[in-house]
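Yeah, the sequence shown ends on 209 if you go by my numbering, and it's all consecutive.
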Amino acid sequence: MKNKGSLIVISGFSGVGKGTVVKRLISQYGYDLSISATTRSPREGEENGREYFFMSRSEFENLIDYGGFIEWTQYVENYYGTPKKYVEQSLNEGKNIILEIEVMGAMKIKEQYPDALLIFIAAPSISSLKARLAGRGTENEATIVKRLKKATEEASDMDKYDYIVVNDDLDKCVEVVNSVIVSYGCRQANNVDFINGIRDELNCI
Ligand code: 5GP
């Protein structure tokens, strides 16, 4: 008897280290990850089908028309979207699946999947975030400014998340996010099939 899996949405400001947190959640705890599609160019070390499905704008727009995304958005001049098929399949198999997406996408997910768990990874301060973005060396100055502007918009939706976890210490942050996910899976509403199964067994005694 399997319960439906949980949809776990992880967002956070650009440069907060949420990608690293998500990678650790997958390697340490075995969560499934939804691989998004994007029109942005791969960064050094990124591989098609691992970090993202990298595609042209026309390929992305075709997928929109075809209804292939649960949600999609435009973020700092590029498209990003969550492919529908893999997410639905994982949920039906009872798996917990992580979506690492920005705030607008997270809100669209919550509308369609009210049971989704929304976690926001925050930086201890904006000055530490600025330093991280500059130190990462993957974006030019203009893009960094755009990403920080975006953070201002995103901060206005932080209060729509179920949990806020500060990434001050990576190990601790990963541990806390995992605890939140585990607790969420134990909610009564997530265990309806289990409860019914136990009752059925008891009725057979
Ligand atoms: P980056 O370019 O740094 O990889 O991602 C930029 C932003 O897009 C990040 O906040 C990331 O979480 C978000 N993002 C990645 N994939 C998706 C997606 O499929 N949908 C939405 N809405 N946002 C995404």
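By construction, the Cβ of each residue, glycine as well, lies at the ideal position given by its N, Cα and C atoms.
Closer than 6 Å: residue i CB and nearest the ligand 5GP heavy atom
i    : result
S40  : yes
T142 : no
T86  : yes
R61  : no
T43  : no
Y35  : no
T77  : yes
I105 : yes
G189 : no
G109 : yes
Residues that DSSP places opposite residue i in a beta bridge
i    : result
S94  : The partner list for S94 (beta bridge, DSSP) is empty, contrary to what the question assumes.
V169 : I125
N52  : Y56
Y84  : T42, T77
G16  : I125
D36  : I101
L11  : I101
Where residue i falls, given that 16 or more other Cβ within 10 Å makes a residue buried
i    : result
S94  : buried
A155 : buried
F124 : buried
F198 : exposed
V196 : exposed
V149 : exposed
G19  : buried
N171 : buried
K114 : buried
E104 : buried
G9   : buried
I74  : buried
N52  : exposed
Beta carbon proximity, residue i to chain B, threshold 7 Å
i   : result
Q78 : The chain labelled as chain B is not found in the depicted structure, where only one protein chain is given.
Three-pair Cβ contact test at 8 Å for the region 35-42 versus the region 53-73 = Pairwise C-beta distances place the region 35-42 in contact with the region 53-73, as three or more of them are shorter than 8 Å.
Are three or more beta carbon pairs between the region 15-26 and the region 169-183 nearer than 8 Å?
-> yes
Say whether the region 97-115 touches the region 9-19, bearing in mind that this needs 3 or more beta-carbon pairs closer than 8 Å, one atom from each stretch.
-> yes
Are three or more beta carbon pairs between the region 84-99 and the region 65-72 nearer than 8 Å?
-> yes
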